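Asker: To start, I am sharing the structure in question, which I have written as structure tokens.
Residue numbers (the numbering used here): 1233 to 1631.
So, in structure tokens, the structure goes:
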């Protein structure tokens, strides 16, 4: 089947899992490109795709639809600011950061603004921003954004780092000059071997890849990240680091991990045996700390979030379900359960839980966005658009 052959090309070249975005979206993108190339049948388009790198790039642009905004998820940037304060007291070198994929530029510019707010000068850091979409990179370099990119951004941040131009806002030069945009595929074996970074943002890419590509991506990121460096992932992608030498950062919802330094083996001649008489004695029993009362379902949800952050997704599901047996109207539990099911690649269960979260809390912004993206993956663009409009009305009502 021609459609299967086209999807296989996308899988081989990009590592794209067709199920992650839906065959309907790929089919629509192919129809769009087939019409643009004035080809009457799909077999002819397949031949063109196999022989033309330029047409392959055009198909990528039709398939990849960016969805991002400034300071998305907030907590990764809150932890980044905290990290910078620690780094300044220890380091004398320049801070090198990678944002990949950078999409239309909101993430790398958010990183730059965070570092400037933390007191760094532009000479103390540099950000490389990589994406496979030339269209997205062109918009990033233009650095002019509409109001949809400013969901929950504080007015003082907009005043400090943007200037109003026509119907949009342009990023100030002090921020733009800190970021280098480049086109590339981070899955290519040698792409990330030329430079080392203290910090890497790679959020919401794993969810679109098949397992082979995920393994390649982890290897590439690990090569590019310095020992003791920080890796930021998407909320439902943390299971990709299971069994890897990465330690979760103790900052809720940052989904950040520190790369452990390789253990230095002790030379045989310097190994010291511990005599039985030197065995460590148990510590004396200390008084228990005072217990602060909190609703059981809230503390259980926090534990479930921590489990998901560490990649223990099945355990997180069980704990969320236990919370809901006790309190079946807990909207946040359905939201978290939906996010975890996304991480488990179970979109039907994820959709059901996001719908329940929205039913219980019509202002559940995150659930609206998650559900909109799922509808897009299913090819239901009209439902996705309605959900995004609801989410946008929520943002507008809070201004």
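Positions of the beta carbon are idealized from the N, C-alpha and C atoms, including for glycine.
Note that the coordinates shown come from a computational prediction; the quantities given were computed from them, not determined experimentally.
Are residue 1432 and residue 1463 touching if we call contact CB-CB under 9 Å?
Answerer: yes
Asker: What is the rounded straight-line gap between the Cα of residue 1570 and the Cα of residue 1616?
Answerer: Here the C-alpha atom of residue 1570 lies approximately 17 Å from the C-alpha atom of residue 1616.
Asker: Per the contact definition of three or more C-beta pairs closer than 8 Å, is the stretch 1315–1323 in contact with the stretch 1349–1357?
Answerer: Flag = yes, the stretch 1349–1357 and the stretch 1315–1323 touch.
Asker: By the three-class DSSP mapping on this structure, what secondary structure does residue 1317 have?
Answerer: helix
Asker: Judging by CA-CA distance, which residue of 1268, 1295, 1262 is the nearest neighbour of residue 1274?
Answerer: Comparing C-alpha distances from residue 1274 to each of 1268, 1295, 1262 shows the shortest one belongs to 1262.
Asker: On the DSSP letters alone, give me the boundaries of the beta strand (DSSP E) that residue 1333 sits inside.
Answerer: From DSSP, residue 1333 is part of no beta strand (DSSP E); its letter is neither H nor E.
Asker: Verify the contact flag: residue 1288, CB atom, against every heavy atom of the ligand ZN, threshold strictly below 8 Å.
Answerer: The ligand ZN is not part of this structure, which contains no ligands at all.
Asker: Rounded to a whole number of angstroms, what is the C-alpha to C-alpha distance between residue 1527 and residue 1554?
Answerer: Because residue 1527 sits at a pLDDT of 48, beneath the cut-off of 50, its placement in the model cannot be relied upon, and the following sentence gives the value as read from the coordinates. One C-alpha to the other measures close to 14 Å.
Asker: Note the first and the last residue of the continuous beta strand (DSSP E) segment covering residue 1403.
Answerer: 1400–1403
Asker: Whole-angstrom Cβ separation of residue 1260 and residue 1277, contact assumed at under 8 Å?
Answerer: Incorrect: roughly 13 Å between the Cβ atoms, too far for contact.
Asker: May I ask you to report which of helix, strand or coil DSSP gives residue 1363?
Answerer: strand
Asker: What's the C-alpha gap between residue 1399 and residue 1380?
Answerer: 12 Å
Asker: Output the distance between the C-alpha atoms of residue 1594 and residue 1395, rounded to the nearest integer angstrom.
Answerer: Going from the Cα of residue 1594 to the Cα of residue 1395 covers about 34 Å.
Asker: Tell me, to the nearest whole angstrom, how far the beta carbon of residue 1476 is from that of residue 1450; I am working on the premise that it is less than 8 Å.
Answerer: 7 Å
Asker: On a CA-only basis, which of 1360, 1620, 1468, 1445 is nearest residue 1331? Give me that one, please.
Answerer: 1360
Asker: Please classify residue 1338: is it buried, with 16 or more other beta-carbons within 10 angstroms of its beta-carbon, or exposed?
Answerer: Buried, by the Cβ-count rule.
Asker: Over what stretch of residues does the alpha helix (DSSP H) that includes residue 1245 continue unbroken?
Answerer: 1234–1246
Asker: If you follow the alpha helix (DSSP H) that residue 1383 is in, where does it begin and where does it stop?
Answerer: From DSSP, residue 1383 is part of no alpha helix (DSSP H); its letter is neither H nor E.
Asker: Just curious, the alpha helix (DSSP H) that residue 1274 is in, first and last residue?
Answerer: Per DSSP, residue 1274 belongs to the alpha helix (DSSP H) from 1274–1283.
Asker: With burial defined as no fewer than 16 other Cβ atoms inside 10 Å of the residue's Cβ, what is the status of residue 1267: buried or exposed?
Answerer: exposed
Asker: Leaving aside the five residues before and after residue 1623 along the sequence, list all residues of the same chain whose C-beta is less than 6 Å from its C-beta, in chain order.
Answerer: 1597, 1600, 1601, listed in sequence order.
Asker: Beta-carbon within less than 8 Å of residue 1250's beta-carbon, same chain only, minus the 5 sequence neighbours each way: which residues are those?
Answerer: 1239, 1242, 1243, 1258
Asker: Restricting to Cα atoms, I'd like to know which of 1442, 1401, 1540 is closest to residue 1466.
Answerer: 1540
Asker: To the nearest angstrom, how far is the alpha carbon of residue 1474 from that of residue 1489?
Answerer: Computed Cα separation, rounded: 11 Å.
Asker: May I ask which residues mark the beginning and end of the alpha helix (DSSP H) holding residue 1570?
Answerer: 1563–1575
Asker: Out of 1282, 1411, 1415, 1302, which has the shortest C-alpha to C-alpha gap to residue 1328?
Answerer: The candidate whose alpha carbon is nearest that of residue 1328 is 1411.
Asker: Which value, in whole angstroms, describes the spacing of the CA atoms of residue 1386 and residue 1392?
Answerer: 10 Å
Asker: Tell me the DSSP secondary structure of residue 1412 in three-state form.
Answerer: strand
Asker: Would you identify the three-state DSSP class for residue 1479, choosing helix, strand or coil?
Answerer: strand
Asker: Quick one: measure Cβ to Cβ for residue 1445 and residue 1424, integer angstroms, because I've assumed they're closer than 8 Å.
Answerer: Contact flag wrong, Cβ pair sits at about 14 Å.
Asker: Determine whether the beta carbon atoms of residue 1376 and residue 1341 lie at a separation below 9 Å.
Answerer: no
Asker: When DSSP builds the beta bridges, which residues end up paired with residue 1600?
Answerer: Looking at the DSSP assignment, residue 1600 forms no beta bridge with any residue, so it has no partner.
Asker: Where DSSP assigns a beta bridge to residue 1327, which residues make up the other side?
Answerer: 1357
Asker: Since residue 1368 and residue 1298 are thought to touch, with beta carbons under 8 Å apart, how far apart are those beta carbons, to the nearest angstrom?
Answerer: Yes, residue 1368 and residue 1298 are in contact; Cβ-Cβ is about 5 Å, under 8 Å.
Asker: Could you round the C-beta distance between residue 1582 and residue 1606 to whole angstroms and report it? I think they count as a contact, below 8 Å.
Answerer: About 7 Å separates the beta carbons of residue 1582 and residue 1606, which is inside the 8 Å limit, making them a contact pair.
Asker: Taking Cβ to Cβ, would you say residue 1533 is nearer than 9 Å to residue 1561?
Answerer: no
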